[in-house]
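In what follows, a structure is listed as structure tokens, so that the remarks can point back to it.
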Amino acid sequence: MKNFDELFKNLKEEALNLAESTFKNYKDAAKSDTSNFLENMKENLKNWSSMVLEKKMSKEEASDLILNNAKELSRMMILKQSGIAKIELDKFSRNLVELIIKIIISAL
Amino acid sequence: MKTLSKKIRNCALISLVFSLIGCGTISHFDQTAYYQVVALKTETLNIMDLAKDNYSVHEMEVKTFQTKIQKAYEYEKSRSKNKITVKQWDLLLNKDGNALGSFFRIWESNEKCSETYINEKKKLIGQCFDQIIELEIKKQKNNL
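Quick mapping for you: the protein sequence lines, in order, are chains V and F.
Just so we're aligned, residue 600 is where the first sequence starts under the working numbering, counting upward by one.
Just so we're aligned, residue 87 is where the second sequence starts under the working numbering, counting upward by one.
This is the structure:
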């Protein structure tokens with residue numbers, strides 16, 4: 600295997616090109632997100648690659664870890680954030696109700 | 087006439103207030119759901135450790151575990167306004183997915199998994215469970 604840093608640099612270049620050609624109208628945001636995402640995964644990718652080379656893990660197992668990390672975990676995090684947004688919305692509704700009761704209803 | 091219109095307006099206002107109180111967008115904290123997901127996280131990570139052995143040796147334990155986790159999933163589905171948590175469970179349990187589904191697929195098809203893979207996958211699955219747990223806890227804090 601080539602030097603990992605060199606491989607990672609190639610991967611990042613190709614991923615940024617892909618982001619640019621896919622999200623023409625939002626290319627700057629897409630490129631920034633892609634770059635952050637890959638940088639966050641870099642350490643894991645490096646570790647998992649060396650484990651495959653040392654035959655501590657099969658290619659199939661490594662591919663599964665990459666897919667899980669890239670897809671399922673990020674989806675779970677997005678769902679949690681949207682759940683938290685709903686909780687905040689409910690909290691706002693309750694506070695609004697309290698405000699209505701405090702100011703309007705009590706003045707009736 | 088003026089008094090009547092004022093009374094109608096007041097009634098409408100009070101109805102609005104009560105409808106706002108009753109229309110939360112997400113389920114409230116549920117103690118049973120919380121205990122279940124915390125217990126199942128531990129149990130799942132323990133079951134995953136068994137993948138260092140041949141799948142056939144532990145097949146019955148895996149099936150029993152899958153039935154148990156399916157019951158927890160059904161419980162989540164029965165809670166009202168709980169779509170987001172159910173979607174999280176869908177991702178975690180989907181047999182064709184890349185979370186627990188792919189782990190059991192690889193274990194069954196390869197007979198056993200490498201220790202490195204088991205440990206790395208356990209970290210990821212643990213984090214997936216944490217997302218569900220953290221959302222439930224957030225519901226708890228907000229209900230106080």
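No residue lacks a Cβ here, since even glycine has one placed at the ideal position from N, Cα and C.
For the region 197-226 of chain F, enumerate the residues whose C-beta is nearer than 7 Å to any C-beta of chain V, in chain order.
Those would be C199, S200, T202, Y203, E206, K207, L210, Q213, C214, Q217, E220, L221, K224 and K225, in chain order.
With 16 as the cutoff for other CB atoms within 10 Å, does I192 (chain F) come out buried or exposed?
That one is buried.
Determine the chain V residues that contact L177 (chain F) at a beta-carbon separation under 8 Å, and present them in chain order.
Chain-ordered, the chain V residues with CB closer than 8 Å to the CB of L177 (chain F) read E671, R674, M675 and L678.
Does Q174 (chain F) have its Cβ less than 8 Å from a Cβ in chain V?
With 8 Å as the cut-off, Q174 (chain F) counts as an interface residue toward chain V.
Do three or more CB pairs link the region 610-620 of chain V to the region 164-172 of chain F at distances below 8 Å?
The region 610-620 of chain V vs the region 164-172 of chain F: no contact.
Just how far apart, CA to CA, sit I703 (chain V) and D116 (chain F)?
Distance between the alpha carbons of I703 (chain V) and D116 (chain F): 33 Å.
Three or more C-beta pairs closer than 8 Å, one from the region 642-660 of chain V and one from the region 195-213 of chain F: is that the case here?
Yes, they touch.
Run of the alpha helix (DSSP H) containing G682 (chain V), from where it starts to where it stops
For G682 (chain V), the enclosing alpha helix (DSSP H) starts and ends at L672 to I702.
Can the beta-carbon of K655 (chain V) be found closer than 8 Å to that of S200 (chain F)?
Yes, the Cβ-Cβ distance between K655 (chain V) and S200 (chain F) is below 8 Å.
Taking the C-alpha atoms as reference points, what is the distance between N180 (chain F) and I665 (chain V)?
If I take the Cα positions, the gap works out to 17 Å.
Step through the CB atoms of chain V and report whether any lies within less than 8 Å of the CB of A137 (chain F).
Cβ-Cβ to chain V under 8 Å: no for A137 (chain F).
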